[in-house]
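Each protein sequence line maps, in turn, to chains A and B.
Residue 42 in numbering that gives the first Met the number 0 sits at position 43 of the first sequence, and the numbers go up by one each step.
Residue 32 in numbering that gives the first Met the number 0 sits at position 33 of the second sequence, and the numbers go up by one each step.
Structure, as structure tokens:
Number of protein chains: 2
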Amino acid sequence: MKHNFGAGPCILPQEVFKEAAEAVINFNGLSILEVSHRHKDFVAVMEEAMDLVKKALGIPAGYSVAFIQGGATLGFTIAALNMQRTNCKAGYINTGTWASGAIKEAKKVGIDVIEIASSADRNFTYIPKDFKIPEDIDYLHYTSNNTIYGTQFKEVPKGKIPLVCDMSSDIFSKEINVADYDFIYAGAQKNLGPAGATLYIVKDEILDKSSATFLPTYLDLKQHIDKESMLNTPPVFSVYVSMLNLRYLLAKGGVLAQQKLNESKAALLYQEIDSNPSFQGAVAKEDRSLMNITFLLSDPKRSEQFDSMWKEAGIVGLPGHRSVGGYRASMYNALPIESVQILVDVMNEFNRIG
Amino acid sequence: MKHNFGAGPCILPQEVFKEAAEAVINFNGLSILEVSHRHKDFVAVMEEAMDLVKKALGIPAGYSVAFIQGGATLGFTIAALNMQRTNCKAGYINTGTWASGAIKEAKKVGIDVIEIASSADRNFTYIPKDFKIPEDIDYLHYTSNNTIYGTQFKEVPKGKIPLVCDMSSDIFSKEINVADYDFIYAGAQKNLGPAGATLYIVKDEILDKSSATFLPTYLDLKQHIDKESMLNTPPVFSVYVSMLNLRYLLAKGGVLAQQKLNESKAALLYQEIDSNPSFQGAVAKEDRSLMNITFLLSDPKRSEQFDSMWKEAGIVGLPGHRSVGGYRASMYNALPIESVQILVDVMNEFNRIG
């Protein structure tokens, strides 16, 4: 039994793995891997996946959903191109690696990027607050959860201008009010499904209003939405497994029930970090992520000892991102609270024998 | 037992499905769907997949391989952007839907497209020949096999300028001389693996020479190659299954052995089409595809009868593309010759009782 604290691609429910494996052998008489995306059986899968996204997040009328390839990295460009208006000027909140990536790609397509707030001054260990949102920008972009650093926005930075959010690492982990947003995008490989699909949720009224002079068909969101995510061959298996996972999420009570479980899991580990003198949290307490919990050893010289203990307990994926070091316990939806307890037990024991 | 003549996503070897299903449950103790792409076990998969591509196609030194997302549709844009030089002018051979798509996307990024040959005059039922390749263009683009129409280039249209080829539907089906090309791209979902990955093979010297003013990171081939297909999270499962399928291809004798089998399968069906008065081929004989065999009923009024007969025999995926009608037997690598014989038997019987 392994306890998978990996940051993504990451754990999904065992039931989903089981059903996915069965479909690789037999999906209505064929393998899901050899079914045409135009076959009615897969068209039904795609429709159900998009419907379940809407249901799980309570998406109001006037919004559309699409699955596209390319991850959030291509999403940076798609967001910038589709939200660009005649001002050609956008506000970005810089909370670390992925937010910086979004800024870089917006600049690459010619957008005048105003970095309206940044936590670079303290190595992205907090979420900037009390910033002013200008009113002459085309849109405001932020990254709701910072997978690498372990910070998360607790409030939506809503101004009077269209709001764009990269929710790759916390979508489906807690309730959101989709009406706050004009454009949401998220790589599937955390709480949605396997790598290879990226989810887009957009307000219909933003479509087809881009002022970009350069807009290849694959980067034009309206084309994907008009074709119901079948502009070209979609990532069939990733969408299928995402659908299975959304069915599972809803059967278990939906996003709110999952949020409560995630809060319990995070409370258990943060309590240990705060009460165990051998460890310390890596980021500002009020900005701590429920998904990616980063922490450090009080005595870094004991890292070899700690590493051998958690590995011995069957834990995988605990090292921090190579750019920041330390430890990171990613606790996505499918991680059982029992796995968190195992980690807490190891931390306790590590302190006792220290 | 079903006989899958679908045009893609399409049949892969049963052994590959079996191994893929096992890995969804257990890949070194985790599901392949929850393994980090940075884990050494998956890094090894990616390296092996790229090595097997090189081995299977006999790729010479000086070429690199990458797996990217987005299908050939995004490939149209990636090809145009990365091959664009100061002339900003390219030659395209228009052999139908996908070639036309490539032309459209090149124009969208500002390239002056010279359609140097086209078979639009006879609804793309042949491959243009005897065209002149200008010398002042940045590159020449063609589509080696036309999945929808059932035509295929038998000779490489090689001039003195860099050659770009969309090989989505015939790569790995026959030997090619990679040295003839500067840039090859191919959606995985025919003879390589499941939908969700796209293969790029490029001459290293073409990299980093684009004159495009607009080049988002995800569309910059050099970035993918420098990061060994790990610029961002790759489509893990699609790459894994592609690797399994390439292992299988090589174990069975490689591309040349497969080519001979594909030639036998195609000969069997074309012989039936040409000798059975109830059917006729849809395209010029000398340009017939070995992968997608298109044909028509001599008496279209008998279509309901024919449809019920092949469905009764367990055949799936035989209707022609919705844009051209008729029938299309896609006979990718993994389709057994026994399935072709079943179709031939049905056609024989259909003629006998007609």
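Ideal Cβ placement from N, Cα and C applies to all residues, glycine included.
>> Quick check on the burial criterion: 16 or more other C-beta atoms within 10 angstroms. Buried or exposed for M82 of chain B?
In response: To locate residue 82 of chain B, count along the second sequence from 1; it is residue 83. Residue burial is scored here from C-beta neighbours: M82 of chain B has at least 16 other C-beta atoms within 10 angstroms and is therefore classed as buried.
>> Suppose the cutoff is 8 Å on Cβ atoms and the five residues either side in sequence are ignored; what does the same chain contact list for I113 of chain A look like?
In response: Numbered from its first residue, the first sequence carries residue 113 of chain A at position 114. Closer than 8 Å at the Cβ level, and outside the excluded window around I113 of chain A, lie K88, A89, G90, Y91, P133 and I136.
>> So, does the stretch 175 to 194 of chain A touch the stretch 50 to 61 of chain B, judging by three or more C-beta pairs under 8 Å?
In response: Three or more Cβ pairs closer than 8 Å define a contact, and the stretch 175 to 194 of chain A falls short of that threshold against the stretch 50 to 61 of chain B.
> Taking 8 Å as the CB-CB limit, is E33 of chain A close to chain B?
Replying inline: As a position in the first sequence, residue 33 of chain A is number 34, starting the count at 1. It does: the Cβ of E33 of chain A has a partner Cβ on chain B nearer than 8 Å.
> Between the C-alpha atoms of I30 of chain B and V235 of chain A, what's the straight-line distance to the nearest angstrom?
Replying inline: On the second sequence, position 31 is the one that residue 30 of chain B refers to. On the first sequence, position 236 is the one that residue 235 of chain A refers to. Going by the sequence as given, residue 30 of chain B is Ser instead of Ile. Straight through space, the alpha carbons of V235 of chain A and S30 of chain B are spaced by roughly 18 Å.
>> Per the DSSP calculation, L295 of chain B is bridged to which residue(s)?
In response: Translated into positions along the second sequence, residue 295 of chain B becomes position 296. Paired residues: B:Q279.
> At which residues does the alpha helix (DSSP H) containing A20 of chain A begin and terminate?
Replying inline: Reading the first sequence from its first residue, position 21 is the one you call residue 20 of chain A. Where A20 of chain A is concerned, the enclosing alpha helix (DSSP H) stretches over Q13 to I24.
>> Considering only DSSP beta bridges, list what R327 of chain A is partnered with.
In response: In the first sequence, residue 327 of chain A corresponds to position 328, counting from 1. Paired residues: A:T293.
> In terms of DSSP beta bridges, what is S63 of chain B paired with?
Replying inline: Taking the first residue of the second sequence as position 1, residue 63 of chain B is located at position 64. S63 of chain B pairs with B:V201.
> Given that P373 of chain B touches chain A, what residues does it touch there, using C-beta distances under 7 Å?
Replying inline: This structure leaves residue 373 of chain B out entirely; chain B is present only between 0 and 353.
> Nearest to R321 of chain A by alpha carbon, out of B:L268, B:R37 and B:S338?
Replying inline: Within the first sequence, residue 321 of chain A is the residue found at index 322, counting from 1. Among B:L268, B:R37 and B:S338, the Cα nearest to that of R321 of chain A is on B:R37.
>> So, with DSSP's three-state summary, where would you put Q188 of chain B?
In response: Position 189 of the second sequence, counting from 1, holds the residue named residue 188 of chain B. The answer is coil: DSSP assigns Q188 of chain B none of H, G, I, E or B.
> At which residue ranges does the stretch 150 to 182 of chain A contain complete beta strand (DSSP E) runs of 3 or more residues, listed in the order of the chain?
Replying inline: List check, beta strand (DSSP E) in window: 162 to 165.
>> Does the contact criterion of 3 or more C-beta pairs under 8 Å hold for the stretch 261 to 275 of chain A versus the stretch 206 to 226 of chain A?
In response: In the pairwise beta carbon analysis, the stretch 261 to 275 of chain A is classified as not touching the stretch 206 to 226 of chain A: fewer than three pairs are separated by under 8 Å.
> Of the residues B:M49, B:F66, B:E262 and B:Y239, which one's Cα is nearest the Cα of S391 of chain B?
Replying inline: Residue 391 of chain B is absent from the model: chain B starts at 0 and stops at 353.
> What are the boundary residues of the alpha helix (DSSP H) that includes V112 of chain B?
Replying inline: Counted from its first residue, the second sequence places residue 112 of chain B at position 113. For V112 of chain B, no alpha helix (DSSP H) run applies; the uninterrupted beta strand (DSSP E) run containing it begins and ends at D111 to S117, by DSSP.
> Rounded C-beta distance between S118 of chain A and T124 of chain A? I'm assuming under 8 Å.
Replying inline: Indexing the first sequence from 1 puts residue 118 of chain A at position 119. Indexing the first sequence from 1 puts residue 124 of chain A at position 125. Cβ atoms of S118 of chain A and T124 of chain A come within 8 Å of each other, at about 7 Å.
>> Is it buried or exposed, T146 of chain B, if we count other Cβ atoms within 10 angstroms and call 16 or more buried?
In response: As a working note, residue 146 of chain B is residue 147 in the second sequence. It is buried - the Cβ of T146 of chain B has at least 16 other Cβ atoms within 10 Å.
> So which residues on chain B does K1 of chain A lean against when the C-beta distance must stay under 7 Å?
Replying inline: Here residue 1 of chain A refers to the residue found at position 2 of the first sequence. Result: G28 and L29.
> Thinking C-alpha only, which one of A:V254, A:S338 and A:M242 is nearest V42 of chain A?
Replying inline: Here residue 42 of chain A corresponds to residue number 43 of the first sequence, with the count starting at 1. Cα-wise, what sits closest to V42 of chain A is A:M242.
> Would a check of beta-carbon distances place S237 of chain B closer than 8 Å to chain A?
Replying inline: For this step, residue 237 of chain B is matched to residue 238 along the second sequence. Yes, contact with chain A.
> For R246 of chain B, does the three-state DSSP call read helix, strand or coil?
Replying inline: Residue numbering aside, residue 246 of chain B sits at position 247 when the second sequence is read from its first letter. Residue state, collapsed to three classes: helix.
>> Below 7 Å on C-beta distance, what does I10 of chain A contact in chain B?
In response: If you number the first sequence from 1, residue 10 of chain A lands on position 11. Neighbours of I10 of chain A in chain B, taken as residues whose beta carbon is under 7 Å from its own, are E33 in chain order.
> Cβ of M330 of chain B within 8 Å of Cβ of Q151 of chain B?
Replying inline: Stepping through the second sequence from its first residue, residue 330 of chain B is reached at position 331. Stepping through the second sequence from its first residue, residue 151 of chain B is reached at position 152. No, the pair does not count as a contact, with Cβ atoms beyond the cut-off.
>> For M229 of chain B, tell me which candidate among B:I110, B:L295 and B:V44 has the shortest Cα-Cα distance.
In response: Within the second sequence, residue 229 of chain B is the residue found at index 230, counting from 1. Considering only alpha carbons, the answer is B:V44.
>> I need the boundaries of the alpha helix (DSSP H) containing G100 of chain B, first residue and last residue.
In response: The residue labelled residue 100 of chain B in the question sits at position 101 within the second sequence. Secondary structure note for G100 of chain B: its alpha helix (DSSP H) is the uninterrupted segment T96 to K107.
> In terms of alpha-carbon separation, which member of A:N231, A:P59, A:Y180 and A:E337 lies closest to F66 of chain A?
Replying inline: Stepping through the first sequence from its first residue, residue 66 of chain A is reached at position 67. Selected option, being the one with the closest Cα: A:N231.
> Counting along the chain, where does the beta strand (DSSP E) carrying V272 of chain A start and finish?
Replying inline: Position 273 of the first sequence, counted from the first residue, corresponds to residue 272 of chain A. Residue identity check: residue 272 of chain A is Ile in the sequence provided, not Val. In this chain, I272 of chain A is not harboured by any beta strand (DSSP E); it is covered by the alpha helix (DSSP H) spanning G253 to S274.
> Where D203 of chain A and Y184 of chain A are concerned, what is the direct C-alpha to C-alpha distance, given to the nearest angstrom?
Replying inline: Translated into the one-based positions of the first sequence, residue 203 of chain A becomes position 204. Translated into the one-based positions of the first sequence, residue 184 of chain A becomes position 185. When rounded, the distance between both Cα atoms is 14 Å.
> Which one or two residues does DSSP pair with I92 of chain A in a beta bridge?
Replying inline: Here residue 92 of chain A corresponds to residue number 93 of the first sequence, with the count starting at 1. When DSSP reads this structure, I92 of chain A sits in a beta bridge with A:A116.
>> Need the endpoints of the beta strand (DSSP E) that L139 of chain A sits in, please.
In response: The sequence position of residue 139 of chain A within the first sequence is 140, counting from 1. Its beta strand (DSSP E) spans residues L139 to T142.
> Is the Cβ-Cβ distance between G5 of chain B and V315 of chain B less than 8 Å?
Replying inline: Here residue 5 of chain B refers to the residue found at position 6 of the second sequence. Here residue 315 of chain B refers to the residue found at position 316 of the second sequence. Yes, these two residues count as a Cβ contact at 8 Å.
> So which of B:A178, B:E154, B:N144 and B:Y180 has the shortest CA-CA distance to S167 of chain B?
Replying inline: As a working mapping, residue 167 of chain B is identified with position 168 in the second sequence. The candidate whose alpha carbon is nearest that of S167 of chain B is B:N144.
> Does DSSP classify I314 of chain B as helix, strand or coil?
Replying inline: Here residue 314 of chain B refers to the residue found at position 315 of the second sequence. DSSP places I314 of chain B in strand when its eight states are reduced to three.
> How would you label N25 of chain B, buried or exposed, when you count the other beta carbons within 10 angstroms and need 16 or more for buried?
Replying inline: Locating residue 25 of chain B in the second sequence gives position 26, where the first residue counts as 1. By the Cβ neighbour-count rule, N25 of chain B is exposed, with fewer than 16 other Cβ atoms within 10 Å of its own.
> Just the Cα atoms here: how many angstroms apart are Q188 of chain A and C9 of chain A?
Replying inline: For the purposes of this step, residue 188 of chain A is taken as the residue at position 189 of the first sequence. For the purposes of this step, residue 9 of chain A is taken as the residue at position 10 of the first sequence. Near 7 Å, if we compare the C-alpha coordinates of C9 of chain A and Q188 of chain A.
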